[in-house]
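Visitor:
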Amino acid sequence: MNAIGINADIGITTAAVAKRIGRGAKLYSLEPMPEYYNILKENVPSNGLENVKAYELAVTELVGRAYFYRKGLSTGIIFEGGAKKSGVSTTTIDSFLSEEKMERIDLINIDCEGSELLVIKGAGETLRKNKVKIFCEVHQDSLKQLG
2 MNAIGINADI GITTAAVAKR IGRGAKLYSL EPMPEYYNIL KENVPSNGLE NVKAYELAVT
62 ELVGRAYFYR KGLSTGIIFE GGAKKSGVST TTIDSFLSEE KMERIDLINI DCEGSELLVI
122 KGAGETLRKN KVKIFCEVHQ DSLKQLG
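Residue numbers (the numbering used here): 2 to 148.
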């Protein structure tokens with residue numbers, strides 16, 4: 002099984018998924034916020050996760066750059082008063098998997114605070130070519146803000 006984790010944070014779900022899919026599988030964990038990505042990078046080897054590769058990237062429907070906002074422990078593309086703004090690199094699932102030469106993906110884990118549909122829009126080719134299971138946390142209020 003091969004999987005991709007969108008907005009991996011510090012790696013709690015990454016560790017659970019990596020152990021579940023097994024050593025012969027691959028898990029790509031993507032986290033856009035530098036402070037969380039740095040912790041994720043440390044947590045991967047400290048948990049013996051040899052099947053995980055971590056990347057400092059946001060996933061949306063476009064390849065390029067975007068602003069992400071952090072308020073408390075929550076991060077996302079929706080601005081909230083008092084949030085810290087950071088410029089991040091973005092990719093799509095389709096582009097990322099193509100660059101990694103990963104032809105098969107079995108699981109997409111999404112926890113992106115309201116931009117779930119943007120992630121899905123950037124995965125059209127992947128979803129057509131694979132029988133993908135999607136595990137997705139949904140933020141109704143944030144989805145409404147993004148239209």
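We treat Cβ as the ideally placed atom computed from N, Cα and C, and that holds for glycine. Since this is a predicted model, take the numbers as computed values, not measurements.
Starting from L58 and walking both ways along the beta strand (DSSP E), at which residues does that stretch end?
Guide: Element bounds for L58: n/a, residue is neither H nor E.
Visitor: Tell me, to the nearest whole angstrom, how far the beta carbon of A67 is from that of V89; I am working on the premise that it is less than 8 Å.
Guide: Contact flag correct, Cβ pair sits at about 6 Å.
Visitor: Nearest CA to the CA of G83: which residue from G77, K72, T91, T93?
Guide: Among G77, K72, T91, T93, the Cα nearest to that of G83 belongs to K72.
Visitor: Nearest to E104 by alpha carbon, out of V120, V133, K85?
Guide: The shortest C-alpha separation from E104 is found at V133.
Visitor: Could you work out which residue in E117, V45, A124, F97 is closest to K145 when comparing CA atoms only?
Guide: Answer by Cα proximity: E117.
Visitor: With a CB to CB cut of under 7 Å and the five nearest residues on each side skipped, what residues in its chain are close to L98?
Guide: So the list reads I106, T127, once near-sequence residues are dropped.
Visitor: When the Cα atoms are used, what is the spatial distance from L28 to D142?
Guide: The straight-line gap from Cα to Cα measures roughly 29 Å.
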